[in-house]
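**Q** In the numbering used here, the protein residues as written are 29 to 225. Positions of the beta carbon are idealized from the N, C-alpha and C atoms, including for glycine.
1. Just to confirm, is the Cβ distance from residue 226 to residue 57 under 7 Å?
2. Does DSSP put residue 37 in a helix, a strand or coil?
3. Three-state secondary structure (DSSP) at residue 50?
4. Measure the alpha-carbon distance for residue 66 versus residue 77 and round it to whole angstroms.
5. Less than 7 Å between the C-beta atoms of residue 116 and residue 124, yes or no?
6. Can you tell me where the alpha helix (DSSP H) holding residue 62 begins and where it ends?
7. Buried or exposed for residue 31, going by 16 or more other Cβ atoms inside 10 Å?
8. Quick check: the stretch 146–153 against the stretch 162–171, are at least 3 beta-carbon pairs closer than 8 Å?
9. DSSP state of residue 206, grouped into three classes?
10. Which of helix, strand or coil does DSSP assign to residue 30?
11. Determine the direct distance from the alpha carbon of residue 138 to that of residue 69, and round the result to whole angstroms.
12. Between residue 220 and residue 213, how many whole angstroms is the CB-CB distance? I'm expecting something under 8 Å.
Encoded structure:
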């Protein structure tokens, strides 16, 4: 969501212009105007979106940050984060991590990029933690949320698969399999756990 598009303003507009645009849109989509109207739910959704966009813009103006589309950036760190993304895409993970580790700004984008680096290295737990932090810092960012949702879906699929349709892990087949594996390991080391196998 680009909050400036939602309000119909540009990042360079004054605070007064943004406030006025917000006020006008709130009047236009106020639920009281849609009583007994089938568009009431849509108007409420739109009003919620308008208020969220306004809050994001207010927060960004206070911190000197601008939001556009799905990316939040600070003018000084934007180029280094773009460079980190390029390095990750090229598979230069160590270089990307070196830039991130040297960055003073640790915003949602920083955590997301650290998560991507961990993911490329195969460190699923670290990647999940970093991306979860990025989502909690910027819950409106669809890119972060998409990666987070993929982690959650994978975890749920693994849980379903590992439950084996309801059997617990202490059934007879698991016991036999564990004994067979243990016997094989012992035989590799010169011993024998089960003499008949």
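**A** So, from the listed chains and residues:
1. No information on residue 226 is available, as it lies outside the stretch 29 to 225 that the chain covers here.
2. In the three-state DSSP reduction, residue 37 falls in the coil class, being neither helix nor strand.
3. Looking at residue 50 - three-state DSSP - the assignment turns out to be helix.
4. Approximately 19 Å, taken between the alpha carbons.
5. Yes, Cβ-Cβ distance for residue 116 and residue 124 is below 7 Å.
6. Going by DSSP, residue 62 is part of no alpha helix (DSSP H) at all; its letter is neither H nor E.
7. Taking a 10 Å sphere around the C-beta of residue 31, we find 16 or more other C-beta atoms and assign the residue as buried.
8. Using a C-beta cut-off of 8 Å, the stretch 162–171 makes no contact with the stretch 146–153, since fewer than three inter-stretch Cβ pairs fall below that distance.
9. The answer is helix: DSSP assigns residue 206 an H, G or I state.
10. Coil, per DSSP.
11. Straight-line Cα distance between these residues: approximately 37 Å.
12. About 11 Å separates the beta carbon of residue 220 from that of residue 213, a gap too long to meet the 8 Å contact definition.
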